[in-house]
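S.K.: My structure is below; once you've seen it, I'll send some questions.
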Amino acid sequence: MDRMLKLPAVLLLAGTCLAAIPGIAQSPDARAGKCKSTDLVIAVDDTYSMNGAIREMKNEAKRLVNLVDIVSEGDFQLGLVSFKDSVEIDLDLNAAPNPAAKKEAMKAAIDKLHAKEGAGGPEASDEALLTILNALPAGAGRQQTGDFNGQFSAQ
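See the structure below:
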C-alpha cells in the first residue's frame, strides 16, 4: 500500500547550528551565538489541502525566525518560497541591512501565506527545492513566479 505524507513546510538551514536548536529546555541566553552565520529558507506547500496546517506552520516559522536571530547573533539571511502546481518566490534570501529589517520582511511574507488553489496532482515541491538550491530564475518554461537570486553565505 502506498502512503503519501504531506508536509506543510520544508526547512533548508545552512550554517553550523543544527545541534544547538533542539535544546528546548535551554534559555535563550544559553543558545546565543551558537550558530554564527546562518541562512534559513522555508519552502511551504500552500495548496488548499494544507488549509488546516497553514496557521500552525506560520506560528512555528515565526518562532524559528526569532530563534535563528538568537543563535546567529544577528548574522543571518532568510527566505520564503511557496509552491502548489508552480513555485512562487515570496521572499528571496535577503540581506537586509539589519536583523530587525530581515525579521520584519520574513514575518510579513509569512503573514501573507494562505492556502489556495492546487489542481489535486503532485505539488512542485521538488522544483521549489531545486529553485532554492540552484538559485533558478523564472522563465525558460518553468512554472515559477519571481527569481530566486539569493546567495547562501553561512559558514
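For reference, each letter of the sequence shown is one residue, going 43 to 197 in the numbering used here.
Yeah, the Cβ is synthetic: ideal placement off N, Cα and C, and Gly gets one too.
As the structure is a prediction and not an experimental result, all values here were calculated from the model.
1) Could you check if A142 is buried or exposed, using at least 16 other CB atoms within 10 Å of its CB as the buried criterion?
2) So the alpha helix (DSSP H) L171 belongs to, where does it begin and stop?
3) Following the continuous beta strand (DSSP E) through L82, name the residue where it begins and the one where it ends.
4) Do E165 and D87 have their beta-carbon atoms positioned less than 9 Å apart in this structure?
5) Touch check for the segment 166-177 and the segment 104-119: three-plus C-beta pairs under 8 Å?
6) Quick check for students: name the residue ranges of the beta strand (DSSP E) that lie wholly in the segment 102-163, counting only runs of 3 or more.
7) Say whether the segment 129-139 touches the segment 91-99, bearing in mind that this needs 3 or more beta-carbon pairs closer than 8 Å, one atom from each stretch.
8) Short check: CB of Q185 to CB of S128, under 9 Å?
9) Who are the Cβ neighbours of K149 in its own chain at under 6 Å, not counting the five residues just before and after it?
10) Within a Cβ cutoff of 6 Å, which residues of the same chain sit near E169, ignoring the five residues on either side of it in sequence?
11) In whole angstroms, what separates the C-alpha of K100 from that of G183?
M.R.: With the given structure in hand:
1) Position 100 of the sequence shown, counting from 1, holds the residue named residue 142. Exposed, because fewer than 16 other Cβ atoms sit within 10 Å of the Cβ of A142.
2) If you number the sequence shown from 1, residue 171 lands on position 129. S167 to N176 is the extent of the alpha helix (DSSP H) around L171.
3) Along the sequence shown, one-based indexing puts residue 82 at 40. Here the beta strand (DSSP E) through L82 covers T80 to D87.
4) As a position in the sequence shown, residue 87 is number 45, starting the count at 1. As a position in the sequence shown, residue 165 is number 123, starting the count at 1. Their beta carbons are under 9 Å apart, which means D87 touches E165 by this criterion.
5) no
6) 118-125 and 129-133
7) no
8) Residue mapping note: residue 185 aligns to position 143 of the sequence shown, counting from 1. Residue mapping note: residue 128 aligns to position 86 of the sequence shown, counting from 1. Yes; because the gap between Cβ atoms is below 9 Å, this pair is in contact.
9) Within the sequence shown, numbered from 1, the residue matching residue 149 stands at position 107. Result list for K149: K104, in chain order.
10) Residue numbering aside, residue 169 sits at position 127 when the sequence shown is read from its first letter. Short of 6 Å from the beta carbon of E169, and not among the five residues preceding or following it, lie these beta carbons of its own chain, in chain order: V129.
11) If you number the sequence shown from 1, residue 100 lands on position 58. If you number the sequence shown from 1, residue 183 lands on position 141. One C-alpha to the other measures close to 31 Å.
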